[in-house]
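Trainee: Each position in the sequence shown, counted from 1, maps to that position plus 5 in the numbering used here.
The C-beta atom is built at its ideal place from N, Cα and C for all residues, glycine as well.
From a predicted model like this one, the values you see are computed outputs, not experimental measurements.
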Amino acid sequence: MTVRYKIVPPARDRAFLLAVRDALPLVPGTVEDCCTRIRDRTDVPSRDAAREWLTFCQALGLAAETERGYHRLREDPDAATLAERLVANVFPAREVRDALAAADGPVTADAAFEAVRETVPHWERSRSPDWETTWRERVANLLDWLVALGAATATGDGYRLR
6 MTVRYKIVPP ARDRAFLLAV RDALPLVPGT VEDCCTRIRD RTDVPSRDAA REWLTFCQAL
66 GLAAETERGY HRLREDPDAA TLAERLVANV FPAREVRDAL AAADGPVTAD AAFEAVRETV
126 PHWERSRSPD WETTWRERVA NLLDWLVALG AATATGDGYR LR
């Protein structure tokens, strides 16, 4: 079973994603060192936000973790490859994409959340009385990432696959 990451920072463009990757060292560094580099070399505002970007880069195959820490990978994937990795490695990106694929027209962020609501693990629901807000935000971010990476389009009525 493949691990699927849950961290989904607010969508930015591919250039920003690569800037975060480029902030990471080639020689593995600690989480703290990597987060400091991300914060200092991009406009990511805090260590906590930098940690999310580090995890997201790992999910998209832009960073790797070794026994000695994290490091950037040297490949330069195009947007389509990043979108494929998003769908494969970030939960619930595949489910959100499938909801768009099954729809006859544009899908709102709320409708996409409703389509994936039952896939949210029970323990996630039990962690917080406000779990729906967290997961609605996560789904909205995933929709925006699908747009940013060219896999979907946003219209005034919602989102649809390209």
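Grouping DSSP H, G and I as helix and E and B as strand, with all else coil, what is A116?
Mentor: In the sequence shown, counting from the first residue as 1, residue 116 sits at position 111. Three-state result, A116: helix.
Trainee: Measure from the alpha carbon of A48 to the alpha carbon of each residue in L22, T60, V36 and A93, then state which is nearest.
Mentor: Taking the first residue of the sequence shown as 1, we reach residue 48 at position 43. Here residue 48 is Asp; the residue named in the question, Ala, does not match the sequence. With distances taken between Cα atoms, D48 lies closest to L22.
Trainee: Roughly how far, in whole angstroms, is the beta-carbon of V13 from the beta-carbon of V95, given that I think they are within contact range, below 8 angstroms?
Mentor: Your numbering for residue 13 matches position 8 in the sequence shown. Your numbering for residue 95 matches position 90 in the sequence shown. Right, the Cβ-Cβ distance comes to about 6 angstroms (below 8 angstroms), so this counts as a contact.
Trainee: Using DSSP with H/G/I as helix, E/B as strand and the rest coil, what is T139?
Mentor: As a first step, residue 139 is located in the sequence shown; it is residue number 134 there, counting from the start. If DSSP states are grouped into helix, strand and coil, T139 belongs with the helices.
Trainee: Can you list, in chain order, the residues of its chain whose CB lies under 6 angstroms from that of L154, leaving out five sequence neighbours each side?
Mentor: If you number the sequence shown from 1, residue 154 lands on position 149. The residues are A84, L87 and A88.
Trainee: Ends of the alpha helix (DSSP H) at A156?
Mentor: Walking along the sequence shown from the start, residue 156 turns up at place 151. Element bounds for A156: n/a, residue is neither H nor E.
Trainee: Which parts of the stretch 25-83 are runs of the beta strand (DSSP E), unbroken and 3 residues or longer, counting only runs that do not cross its ends?
Mentor: Qualifying beta strand (DSSP E) stretches, in chain order: 68-71 and 74-77.
Trainee: Spell out the partners DSSP gives R122 in its beta bridges.
Mentor: Residue 122 sits at position 117 when you count from the first residue of the sequence shown. For R122, which the question treats as bridged, DSSP gives no partner whatsoever.
Trainee: Check each candidate in T60, G161 and L151 and name the one with the smallest Cα separation from C39.
Mentor: Within the sequence shown, the letter at position 34 stands for residue 39. Cα-wise, what sits closest to C39 is T60.
Trainee: So what's R19 in DSSP terms, helix, strand or just coil?
Mentor: As a working note, residue 19 is residue 14 in the sequence shown. Helix, per DSSP.
Trainee: With a threshold of 8 angstroms on Cβ separation, who are the neighbours of D81 within its own chain once the five nearest residues in sequence on each side are excluded?
Mentor: Sequence index remark: in the sequence shown, residue 81 carries index 76 (1-based). Cβ within range, chain order: L23.
Trainee: Check V101 in the structure and name its three-state DSSP category.
Mentor: Along the sequence shown, read from residue 1 onward, the residue named residue 101 stands at position 96. V101 falls in the helix class under three-state DSSP.
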